[in-house]
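Notes follow once the structure below has been shown.
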Amino acid sequence: NLSYKLNNNNKISFRNMFNVNTEDQVTVREGQDIAASGLDRKAYAIFYNQNLLYTGQLIGEHLFEKAKNLKVKWVLGYSDITRDIPDFRRLRYNRVPSANNENPYIAFLTTNASPNDAGRFYSNLDESVYSGSVDFSLPLDIKGKKSTLKFGYYYQSRVRDFNVRVLGNVINSTTYFNPDLLRLGIGDIFNPTNFMDSTGFSIAESTNKSDSYDASSSLNSGYAMLDMKLTVRLRAVFGVRVEAFSQNVYAESNSNVPTDITRSNVDVLPSLNLAYELSQKSNLRFAASQTLSRPEFRELAPFSFFDFNNFVEIVGNSELQRAKITNLDLRYELFPGNGQLISGSVFFKHFQNPIEQTLNSDIGGGTLSTTYRNATSATNFGLELEYRKSFEFIGAWFNRLTLATNLALIQSEVNLE
């Protein structure tokens, strides 16, 4: 990260970060399938994924003293996100229960490739994000009170490419196959020697066209806000943000029918913040705003993925719409002394068309299916208490020690009808 100060009024900065996050997981599930077949089951999932994130920003900050101390800040940004699952493997064994557990576990394989039974799943996601913004801040004098006018513009473009390939280990031939191979443990069953002829295994393709998709989105937004003193004690910050957003997800069904999902919306999002100075040590604050929650590419895409840990299939929903959120907050703040705070707040949120993950049905084999849908509405009501206390009253040695605690009580309700 570099920053170069041209002079007292101009500065250029370059910030960047590269993050690597990986997960290596082996899951073994063992027990009796009471609800379905009654068989003893032993299932394995070997999962590894790697997430790479690069983000970089070029930032300029300028002060124009001759233009009434106008401040200008501009940002050019680029991010690259890669998620790689190089080999997600699953295998399950069944056995008939017996008094002494003498029956062997038998691996479940057929002549048809399946990602759930001895399957191998490969996926790669690559997403590039381009962004740019410019913000202006202009000091004003309104009827003898210092105020600030802020306005600006923001642009973001996202492009995603998601590709999947699914393979499955299968039985070569029911006529010549050696059934003893199915009794081998997970470390031996897929030894290369067991793929030599018709008595063993082979690898087959089970990739669906709907497994991969391309997606893109663009956001153009502008805002204007005014920070001003209405009275000696009352300060107001109010403004509006206008967002023009478009989103596209393209995929193909297994019958070669294209699925082209397009969303375009223009939204006006107002906000208001009021701060009233009750005394030199206490404030009363009120905030109201309108915000959005948009569906992610993954939630829209028809792609389905089997979550082994929760034993559910997750499927996207191309009918999702954005959610609108109304936020209200009332807060009281008391500053008893240096480094001390006592505050209490009550807040309320109302969601129109919130995006929820819901259960579909049993899709066979005891497996459940989940998807995303827009609920009718949702509410979120809460109380929050915050306390911060400095220990400097004990002595000089404790003047850098502070206790901070927070308590929140939140009640949420979703209307799915």
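Just so we're aligned, residue -4 is where the sequence shown starts under my numbering, counting upward by one.
Glycine is no exception: its CB is placed at the ideal position from the N, C-alpha and C atoms.
Residue environment, residue i, which counts as buried when at least 16 other CB atoms sit within 10 Å
i: V227; result: exposed
i: A296; result: buried
i: A246; result: buried
i: S168; result: exposed
i: V161; result: buried
i: F196; result: buried
i: P92; result: exposed
i: P253; result: exposed
i: V21; result: exposed
i: Y88; result: buried
i: F190; result: exposed
i: D19; result: exposed
i: S(-2); result: exposed
i: V159; result: buried
i: F451; result: Residue coverage of the chain in this structure runs from -4 to 412, which leaves residue 451 outside it and unanswerable.
i: N410; result: exposed
Residues that DSSP places opposite residue i in a beta bridge
i: Q335; result: None, per the DSSP bridge assignment.
i: D19; result: Y43
i: M220; result: K145, G234
i: W69; result: G55, V129
i: K6; result: K0, E56
i: F240; result: L214, N260
i: Y327; result: L279, G339
i: E412; result: None; E412 has no bridge partner.
i: I181; result: Paired residues: none, contrary to the question.
i: S274; result: S277
i: L288; result: According to the sequence as given, residue 288 is Ser; it is not Leu. Paired residue(s): A318.
i: N111; result: According to DSSP, which records beta bridges pairwise, N111 is partnered with nothing at all.
i: P253; result: E247
Under 8 Å between C-beta atoms of residue i and residue j
i: I80; j: Y39; result: no
i: T188; j: Y171; result: no
i: I405; j: N375; result: yes
i: L264; j: Q285; result: yes
i: K145; j: K224; result: no
i: S372; j: Q347; result: yes
i: D156; j: D121; result: yes
i: K166; j: L86; result: The residue asked about is misnamed: residue 166 is Ile in this sequence, not Lys. No, Cβ-Cβ distance for I166 and L86 is not below 8 Å.
i: Y43; j: F13; result: no
i: L214; j: Y150; result: yes
i: R153; j: S248; result: no
i: E308; j: S364; result: yes
i: E412; j: Y367; result: no
i: F281; j: L269; result: yes
i: A219; j: V232; result: no
i: F342; j: L323; result: yes
i: I101; j: R90; result: yes
i: N46; j: N16; result: yes
i: L229; j: Y271; result: yes
i: R317; j: P349; result: no
i: V244; j: F292; result: yes
Coarse secondary structure for residue i, derived from DSSP in three states
i: E294; result: helix
i: P92; result: coil
i: T188; result: helix
i: P265; result: strand
i: K61; result: helix
i: P174; result: helix
i: S205; result: helix
i: A399; result: strand
i: F393; result: helix
i: Y100; result: coil
i: L162; result: strand
i: G311; result: coil
i: N322; result: strand
i: L120; result: strand
i: S385; result: strand
i: I29; result: coil
i: F306; result: coil
i: T353; result: strand
i: G195; result: coil
i: Q347; result: strand
i: T362; result: coil
i: T417; result: Given that the chain is displayed from residue -4 to residue 412, the structure contains no residue 417 and the question cannot be resolved.
i: S168; result: coil
i: A370; result: coil
Does the region 103 to 114 come within contact of the region 124 to 141, defined as at least 3 CB pairs closer than 8 Å? no
Is there contact here, the region 393 to 403 with the region 367 to 385, by at least three beta-carbon pairs under 8 Å? yes
Decide if the region 23 to 38 is in contact with the region 55 to 73; the criterion is three or more beta carbon pairs, one per stretch, under 8 Å apart. no
Please determine if the region 4 to 12 and the region 48 to 59 are in contact, where contact requires at least 3 C-beta pairs separated by less than 8 Å. yes
The region 229 to 242 / the region 325 to 342 touching (three or more Cβ pairs under 8 Å): no
Using 8 Å as the threshold, is the region 196 to 208 in touch with the region 288 to 308, meaning 3 or more CB pairs across them? yes
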